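Visitor: Got a structure for you, written out below as structure tokens; questions coming shortly.
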Amino acid sequence: MKNITILGSTGSIGVSTLDIVAAHPDRFRIVAMTAGKNLDLFVRQIRQFAPRIAVVASQEDVPRLKELCSGLDVTIMGGVEGLIAAATADETEMVVAAIVGAAGLVPTSAAIRARKDIALANKETLVTAGHIFMDLVTEFGVRLFPVDSEHSAIFQSIEGHRSEDIQKIILTASGGPFLNTPVSHLPHVTVRDALNHPNWSMGKKITIDSATMMNKGLEVIEARWLFKTPVDKIEVNIHPQSIIHSMVEYVDGCVIAQLGTPDMKAPIAYALAYPERIATGVKPLDLTTFSGLTFSNPDHDKFRCLGLAYRAITSGESMPAVMNAANEIAVAEFLEGNIGFMQIAEIIERTMAVHPAHNLKSIEEVLKADLWGRETAHEICREMIG
Ligand code: NAD
Ligand code: MG
Numbered sequence: 291m292k293n294i295t296i297l298g299s300t301g302s303i304g305v306s307t308l309d310i311v312a313a314h315p316d317r318f319r320i321v322a323m324t325a326g327k328n329l330d331l332f333v334r335q336i337r338q339f340a341p342r343i344a345v346v347a348s349q350e351d352v353p354r355l356k357e358l359c360s361g362l363d364v365t366i367m368g369g370v371e372g373l374i375a376a377a378t379a380d381e382t383e384m385v386v387a388a389i390v391g392a393a394g395l396v397p398t399s400a401a402i403r404a405r406k407d408i409a410l411a412n413k414e415t416l417v418t419a420g421h422i423f424m425d426l427v428t429e430f431g432v433r434l435f436p437v438d439s440e441h442s443a444i445f446q447s448i449e450g451h452r453s454e455d456i457q458k459i460i461l462t463a464s465g466g467p468f469l470n471t472p473v474s475h476l477p478h479v480t481v482r483d484a485l486n487h488p489n490w491s492m493g494k495k496i497t498i499d500s501a502t503m504m505n506k507g508l509e510v511i512e513a514r515w516l517f518k519t520p521v522d523k524i525e526v527n528i529h530p531q532s533i534i535h536s537m538v539e540y541v542d543g544c545v546i547a548q549l550g551t552p553d554m555k556a557p558i559a560y561a562l563a564y565p566e567r568i569a570t571g572v573k574p575l576d577l578t579t580f581s582g583l584t585f586s587n588p589d590h591d592k593f594r595c596l597g598l599a600y601r602a603i604t605s606g607e608s609m610p611a612v613m614n615a616a617n618e619i620a621v622a623e624f625l626e627g628n629i630g631f632m633q634i635a636e637i638i639e640r641t642m643a644v645h646p647a648h649n650l651k652s653i654e655e656v657l658k659a660d661l662w663g664r665e666t667a668h669e670i671c672r673e674m675i676g
């Protein structure tokens, strides 16, 4: 029996994780779970999975959650202290980090310090603080399993191989809803158009990141840290069918890829049960139904966020944290209908342009850079809106 904490149980990854847990009650038990705003779903989850600890992100929601859970044997907490308590609960062996954005930094680093293994969906933690996280993972001797489908594919494609034999990592990208939209039309696309992802069903923030291809940029940075690979050995390839989830090319010219129906339950189950493979209910792949699997290079003029991410990780130091913060602000403003789609990249680029990159030695310093990025992006955004 593996004891699990889920940070972000009401999100897209959280719900899929609970589906896997529900299908394998003999293997997994939920010790603690945390949620943001969706209390109705959270209470249903608490009733079904009977965690010892349930945490809501805002302290203000604690009384209401307590009321909704009256009669249940669960400790209700709130705020960052609550998130840390959930992440470090004594019985917990693995923490599924499925909070969206830099908000996952503090609880996930607390989990590592408490020697919990991590199933990492929250890529923003590695983007903002990759060097600090990877040092913590080594220092506290925990295992870090990727949940992101591309990184799970790479993880599966490098098993049994020597890292020095890797020639390059090829991250596949669907290209999102605007792959075939002319660049001249992009200023006119709506929030609804951008949320209409062709292959994956995900939370809103990552769905917009997929439309701008910032998601792939964040994933390049995530791969750089997870697999200790220099960015010039990480390539992005557009593969609209999302069947090959990523590939690794070796020095002998061989390429190893992982394929499957696009469903996050597969990489989640692999992270939870590693090294075993367990039933997921994911539809088996029938390659005969595909008329072709296609690959092409990304259009950097159209998807400027991808280039910004390469620029940020090449500049290093605090730049990726600032880029990530500006992206979070710009995406939120776009979702609110305050800015146009093309202004997302513009806000990020302008924020990065005025940022004097500096070394970050601790999570506290990362949070400061994150705050600077948010405030600066906000100002730039206000200026643009006028
Ligand atoms: P989501 O928006 O559906 O869910 C996010 C979860 O985090 C929710 O439970 C929400 O309540 C909680 N949350 C949000 N803000 C919070 C805060 N400030 N404090 C505490 N909790 C907060 O997002 P998602 O699509 O499930 O994505 C989660 C993470 O996984 C993201 O980092 C995303 O990039 C990554 N990821 C998601 C997918 C996917 O298919 N959804 C795939 C790969 C990686
Ligand atoms: Mg991904």
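Under this note's numbering, the first residue of the sequence shown carries the number 291, and numbering increases by one thereafter.
For every residue, glycine included, the Cβ atom is placed at its ideal position computed from N, Cα and C.
Just so it is clear, the structure is predicted and the values come from calculations on it, not from any experiment.
1) Quick check: does the Cβ of E440 come within less than 6 Å of any heavy atom belonging to the ligand MG?
2) For the ligand NAD, any of its heavy atoms closer than 6 Å to the Cβ of G368?
3) Going by DSSP, what residues sit across from Q338 in a beta bridge?
4) Examine the ligand NAD and report whether any of its heavy atoms sits within less than 6 Å of the Cβ of S678.
5) Measure from the C-beta of I524 to each C-beta in chain D and report whether the shortest distance is under 7 Å.
6) Using a Cβ-Cβ cutoff of less than 7 Å, which residues in the same chain neighbour N486 once the five nearest sequence positions on both sides are dropped?
7) Please indicate yes or no: does the CB of M554 lie closer than 6 Å to some heavy atom of the ligand NAD?
8) Between A411 and the ligand HEM, is there a pair consisting of the residue's CB and a ligand heavy atom that are separated by less than 6 Å?
9) Please classify T579 as buried or exposed, where buried requires at least 16 neighbouring CB atoms within 10 angstroms.
10) Exposed or buried, V510, counting other C-beta atoms within 10 Å across all chains shown (16 or more means buried)?
11) Might you give, ordered along the chain, the residues of its own chain that have their beta carbon closer than 8 Å to the beta carbon of I374, omitting 5 neighbours on each side?
12) If contact is defined by three or more beta carbon pairs under 8 Å, each pair taking one atom from either stretch, is the region 429-449 in contact with the region 532-552?
13) Just how far apart, CA to CA, sit E623 and I629?
14) Can the beta-carbon of I498 be found closer than 7 Å to that of V621?
15) By Cβ distance, which residues of its chain are closer than 6 Å to A561, with the 5 residues on each side in sequence left out?
Guide: Quick look at the numbers:
1) One-based indexing of the sequence shown puts residue 440 at position 150. Checking the Cβ of E440 against the ligand MG gives yes.
2) On the sequence shown, position 78 is the one that residue 368 refers to. The answer is no for G368.
3) The sequence position of residue 338 within the sequence shown is 48, counting from 1. Looking at the DSSP assignment, Q338 forms no beta bridge with any residue, so it has no partner.
4) The structure shown has nothing for residue 678, since the chain only spans 291 to 676.
5) Looking for chain D here will not work: only one protein chain is present.
6) What you label residue 486 is simply residue 196 of the sequence shown in a count that begins at 1. Cβ neighbours of N486 beyond the five flanking positions: P467.
7) Locating residue 554 in the sequence shown gives position 264, where the first residue counts as 1. For the ligand NAD, at least one heavy atom lies less than 6 Å from the Cβ of M554.
8) With respect to small molecules bound, the structure shown includes the ligand NAD and the ligand MG and not the ligand HEM.
9) Numbered from 1 along the sequence shown, position 289 holds the residue referred to as residue 579. Classification of T579: exposed, given that the 10 Å Cβ count is below 16.
10) Position 220 of the sequence shown, counted from the start, is the residue given in the question as residue 510. Classification of V510: buried, given that the 10 Å Cβ count is 16 or more.
11) Within the sequence shown, the letter at position 84 stands for residue 374. Excluding sequence neighbours, I374 sits near V396, P397 and A400.
12) yes
13) On the sequence shown, position 333 is the one that residue 623 refers to. On the sequence shown, position 339 is the one that residue 629 refers to. Cα-Cα distance, rounded: 6 Å.
14) On the sequence shown, position 208 is the one that residue 498 refers to. On the sequence shown, position 331 is the one that residue 621 refers to. Yes, the Cβ-Cβ distance between I498 and V621 is below 7 Å.
15) Here residue 561 refers to the residue found at position 271 of the sequence shown. So the list reads A409, F435 and V437, once near-sequence residues are dropped.
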